[in-house]
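Let me begin by presenting the structure, written as structure tokens, before commenting on it.
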Amino acid sequence: MQIFLSFAFDEDIDQVNGFRGMLENPNADINFVDGSCKKDYAGKSETEIKTYIKSLLDQSSVTVCLISKDTKNKEWVDWELEASQSKGKGIVGIVLKGKSDEIKHRTDCPDVLGSNKYEVIYWTDAQKMQSAIEQAEKARR
């Protein structure tokens with residue numbers, strides 16, 4: 001299964017790369033392909049960015065939003081989640097490791113995740129995250 005990662009690029013890239021490392025680790029109990037952006041959007045037009053993201057979303061079945069206190073206020077995270085929702089992709093939120101003290105309620109998450117429609121879990125173990133992502137894929141419309 002290919003997933004798209006949505007996150008606050010500047011603030012959370014180190015933790016996101018840790019998540020990506022887990023995806024690439026053959027000994028980890030998590031089996032997905034990262035189909036998300038691996039570069040900064042700086043210098044690109046809004047149209048170029050949207051076209052690029054849409055192409056990545058088209059290749060993914062689930063969007064995983066990696067959440068910290070900075071994620072809620074990121075315009076591109078909101079847009080990626082809304083685009084995922086409109087394309088009928090599975091969506092799940094995972095609060096980044098060590099950020100559980102920052103994210104106590106759904107109101108601390110991006111708006112799309114603020115409702116109870118999508119699961120939001122804390123980064124605990126790979127098996128729990130794998131299960132949540134698989135459930136998001138099954139629940140997509």
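My numbering numbers the first residue of the sequence shown as 1 and each following residue consecutively.
Even for Gly, the Cβ is constructed at its ideal location relative to N, Cα and C.
This structure is a prediction, so every number in the text was calculated from the model and none was measured.
{"query": "C-alpha distance - Trp123 paired with Val16, whole-angstrom precision", "result": "12 Å"}
{"query": "Leu56 and Ile94 closer than 8 Å at C-beta", "result": "no"}
{"query": "Ser36 to Ser6 span [Cα, whole Å]", "result": "8 Å"}
{"query": "Sheet register partners of Gly93 (DSSP bridge)", "result": "Cys65 and Val120"}
{"query": "Run of the beta strand (DSSP E) containing Gln2, from where it starts to where it stops", "result": "Gln2 to Ser6"}
{"query": "Exposed unless 16 or more other CB atoms sit within 10 angstroms - verdict on Ser68", "result": "buried"}
{"query": "Among Gln127, Ala126 and Ala136, the one whose alpha carbon lies nearest that of Val120", "result": "Ala136"}
{"query": "Contact belief for Asp111 with Glu102 at Cβ below 8 Å, rounded distance in angstroms", "result": "Not really, about 17 Å apart at Cβ, beyond 8 Å."}
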